[in-house]
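For the record, in the sequence shown the residue sitting at position 113 is 331 according to our numbering, with numbers rising by one throughout.
Backbone N, C-alpha and C fix where the C-beta goes; we use that ideal spot for every residue, glycine too.
Here's the structure, in structure tokens; my notes come after.
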Amino acid sequence: MQPPYDFSSCLLIDDFDTFVRYLESNPNLPLTGAGDLKAADLWAINERVNYKAPHYVTARSRQADYPLLGFLFQIATVSRLFIIQFSNVNTLMPDVARIDAYRSLTLEEKYVFLLETAWCYLDWTVLDGDGRSGQGADWFRTGVRQLLRHPVDAAVTLTQDWSLRNRTLTVFASSMANIYVRAGHWFGWYDVREITRAKRDKYSLEIDQLKLSPWGDQCLTTLLLERPFRYWNKNAGQFVFFDGDNDIEPEASININTFAEPLRTLLGEPDLLSLYPINSKPPTGEFWLRVELPEHGVSRTLAVPATSTLDGLHGLIQKSVKFDNDHLYNFYLNWRNPLNGECYSSPEDDWSEDPPADTIWLAQLNLYEGQVWLYVFDLSTRWEFYITVVRHLPDAVETKARVVEKVGRSPKQYPDW
Numbered sequence: 219m220q221p222p223y224d225f226s227s228c229l230l231i232d233d234f235d236t237f238v239r240y241l242e243s244n245p246n247l248p249l250t251g252a253g254d255l256k257a258a259d260l261w262a263i264n265e266r267v268n269y270k271a272p273h274y275v276t277a278r279s280r281q282a283d284y285p286l287l288g289f290l291f292q293i294a295t296v297s298r299l300f301i302i303q304f305s306n307v308n309t310l311m312p313d314v315a316r317i318d319a320y321r322s323l324t325l326e327e328k329y330v331f332l333l334e335t336a337w338c339y340l341d342w343t344v345l346d347g348d349g350r351s352g353q354g355a356d357w358f359r360t361g362v363r364q365l366l367r368h369p370v371d372a373a374v375t376l377t378q379d380w381s382l383r384n385r386t387l388t389v390f391a392s393s394m395a396n397i398y399v400r401a402g403h404w405f406g407w408y409d410v411r412e413i414t415r416a417k418r419d420k421y422s423l424e425i426d427q428l429k430l431s432p433w434g435d436q437c438l439t440t441l442l443l444e445r446p447f448r449y450w451n452k453n454a455g456q457f458v459f460f461d462g463d464n465d466i467e468p469e470a471s472i473n474i475n476t477f478a479e480p481l482r483t484l485l486g487e488p489d490l491l492s493l494y495p496i497n498s499k500p501p502t503g504e505f506w507l508r509v510e511l512p513e514h515g516v517s518r519t520l521a522v523p524a525t526s527t528l529d530g531l532h533g534l535i536q537k538s539v540k541f542d543n544d545h546l547y548n549f550y551l552n553w554r555n556p557l558n559g560e561c562y563s564s565p566e567d568d569w570s571e572d573p574p575a576d577t578i579w580l581a582q583l584n585l586y587e588g589q590v591w592l593y594v595f596d597l598s599t600r601w602e603f604y605i606t607v608v609r610h611l612p613d614a615v616e617t618k619a620r621v622v623e624k625v626g627r628s629p630k631q632y633p634d635w
């Protein structure tokens, strides 16, 4: 059977392979304080890929100025092919076994891996500069729905002017949709025409014309009907713009690990492999974590089972320093720049848009010895505890979390009382 898409011509796969090779050739690659690629590396990689950055980038441009490279960096790290190590000097560490698994995939499987990562696991707010509104993300919902109403290969005008949305051969998109529209082009769903600009303007569309491809017609139809972005992306629930929509809610709870099933049917590849779930064999045993309050000369070393939740760790920390557990808290994996990394919040925090700590297990975090992260208790007073992964004992059979070492007397939670 003739495949619906020539994956050997997919430049996105070629660019991602180029990206991975570059990162691998620079082990423990230094990153910026925010955990992004540095300007010199961005400039070097951009010279090697097919989908180059807009002409206004310079040798000093930041990752936000490189649409493709920012996207590929998120794919590489969210999928855990590479792990960001946040420390005094942030670095990027390859997961050799997982990269080898990626390299063993067929072209079709690589494509589905990239699509599955982007559609289900990517936090697009890191890329769109729009915070949590979700206006740009609506391209994967109403935007492509508009596009699919037009014939394949027809030149369709893309506009951010709402008053023009009903014109013939016209599709509306938010000015924040640039990265979403570009991603569809990279996946081969449509061709695009770029607007030449002197500098990046995140409040203006950088594309003004689309031409739907036969593959885009098939793939997007399948995704809209069977894998709607609003429900299949792990982070889309935080988008305010998606509230009150008329999407058809799935009848049953979603098993995100089944994402590839309709694509296997579409591609006629029933045995197509997926690299998800990431932790098919999650870490076992226990972690030894040193929890410190540097300003008070206090530390507690805790032995915590890999199956413990972050909320359970929070409770143990509270007991170890004799606090009252009467305020909200957050865990930040990027201790140097907390707002630029993963955050997990109190289950009781109704205003938080981050994953609740009682749904996250230590085994899910890909912790490594020497890693430092941050636990903030009482978001107004801000007790800042620094957590260091001291040891991982995969064969430990101890099932109860416990304190194994104490240094210093616990400070008073309320010194004026």
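Quick one: grab the DSSP three-state call for residue i.
{"i": "I605", "result": "strand"}
{"i": "I425", "result": "strand"}
{"i": "I301", "result": "strand"}
{"i": "F477", "result": "coil"}
{"i": "P248", "result": "strand"}
{"i": "Y339", "result": "helix"}
{"i": "T599", "result": "coil"}
{"i": "M219", "result": "Because the pLDDT of M219 is 49, which lies under 50, any placement of that residue in the model is unreliable, and the number read from its coordinates should be weighed accordingly. If DSSP states are grouped into helix, strand and coil, M219 belongs with coil."}
{"i": "D634", "result": "coil"}
{"i": "L333", "result": "helix"}
{"i": "R448", "result": "helix"}
{"i": "E327", "result": "helix"}
{"i": "W506", "result": "strand"}
{"i": "A614", "result": "coil"}
{"i": "L442", "result": "helix"}
{"i": "V374", "result": "strand"}
{"i": "R309", "result": "Here the sequence assigns Thr to residue 309, which means Arg is not the residue at that position. Three-state result, T309: strand."}
{"i": "L430", "result": "strand"}
Can you list, in chain order, the residues of its chain with a C-beta nearer than 7 Å to that of residue i? Leave out the 5 residues immediately preceding and following it.
{"i": "P495", "result": "N475"}
{"i": "T309", "result": "N246, L247, P248, L249 and Q303"}
{"i": "D576", "result": "T527, D529 and P565"}
{"i": "N584", "result": "R298 and I301"}
{"i": "Q436", "result": "P222 and L484"}
{"i": "M307", "result": "As written in the sequence, residue 307 is Val, which differs from the Met given in the question. P248."}
{"i": "L336", "result": "Rather than Leu, the amino acid found at residue 336 in this sequence is Ala. Same-chain partners within the cutoff: I293 and A401."}
For residue i, report the span of its beta strand (DSSP E) as first-last.
{"i": "W569", "result": "Neither: W569 is in no beta strand (DSSP E) and is coded neither H nor E."}
{"i": "C561", "result": "C561 to S563"}
{"i": "R620", "result": "R620 to V625"}
{"i": "E412", "result": "Y408 to E412"}
{"i": "F390", "result": "T388 to F390"}
CB residue i to CB residue j, shorter than 8 Å?
{"i": "S218", "j": "V625", "result": "Look at the range of the chain in this structure, 219 to 635, and you will see that residue 218 is not part of it."}
{"i": "F291", "j": "L333", "result": "no"}
{"i": "G354", "j": "S392", "result": "yes"}
{"i": "E594", "j": "N548", "result": "The displayed chain sequence assigns Val, not Glu, to residue 594. Yes, the Cβ-Cβ distance between V594 and N548 is below 8 Å."}
{"i": "P612", "j": "P501", "result": "yes"}
{"i": "V296", "j": "Y339", "result": "yes"}
{"i": "I605", "j": "V615", "result": "no"}
{"i": "Y320", "j": "L493", "result": "yes"}
{"i": "P480", "j": "R445", "result": "yes"}
{"i": "A619", "j": "P512", "result": "no"}
{"i": "L287", "j": "I263", "result": "yes"}
{"i": "L423", "j": "N396", "result": "yes"}
{"i": "T519", "j": "W506", "result": "yes"}
{"i": "L592", "j": "P556", "result": "yes"}
{"i": "F358", "j": "F457", "result": "no"}
{"i": "Y408", "j": "K429", "result": "yes"}
{"i": "Y269", "j": "D233", "result": "yes"}
{"i": "G251", "j": "R554", "result": "yes"}
{"i": "G406", "j": "S431", "result": "yes"}
{"i": "V374", "j": "Q427", "result": "yes"}
{"i": "L239", "j": "A257", "result": "In the sequence as displayed, the identity of residue 239 is Arg instead of Leu. No, the Cβ-Cβ distance between R239 and A257 is not below 8 Å."}
{"i": "I231", "j": "F237", "result": "no"}
Since residue i is in the alpha helix (DSSP H), which residue starts that stretch and which ends it?
{"i": "V362", "result": "T360 to L365"}
{"i": "A401", "result": "N396 to W404"}
{"i": "A319", "result": "V314 to R321"}
{"i": "W380", "result": "Segment: none, W380 is in no alpha helix (DSSP H) and carries neither H nor E."}
{"i": "L592", "result": "Where L592 is concerned, there is no enclosing alpha helix (DSSP H), although the beta strand (DSSP E) it sits in stretches over V590 to F595."}
{"i": "T577", "result": "Run containing T577: none; DSSP gives neither H nor E here."}
{"i": "R239", "result": "L229 to E242"}
{"i": "T662", "result": "For the chain, the structure presents residues 219 to 635; residue 662 sits outside this window and is missing."}
{"i": "A258", "result": "A257 to N264"}
{"i": "F225", "result": "Taken as a continuous stretch (DSSP letters only), F225 belongs to no alpha helix (DSSP H), as it is neither H nor E."}
Excluding the five sequence neighbours on either side, which residues of its own chain have a C-beta within less than 6 Å of the C-beta of residue i, listed in chain order?
{"i": "N453", "result": "D341"}
{"i": "M394", "result": "D346, D348, Q353 and G354"}
{"i": "E560", "result": "L551"}
{"i": "Q364", "result": "V389"}
{"i": "P573", "result": "Y562"}
{"i": "I317", "result": "L299"}
So does residue i have its beta carbon nearer than 7 Å to some heavy atom of the ligand MN?
{"i": "N473", "result": "The ligand MN is not part of the structure shown, which contains no ligands of any sort."}
To which residues of the same chain is residue i closer than 8 Å at the C-beta, ignoring the five residues directly before and after it?
{"i": "M219", "result": "Only weak support exists for where M219 lies, its pLDDT of 49 falling under 50; the coordinates are left without a value."}
Considering only residues of the segment 511-550, which uninterrupted alpha helix (DSSP H) runs meet the minimum length of 4 residues and lie entirely inside it, listed in chain order? Listed in chain order, they are 528-538.
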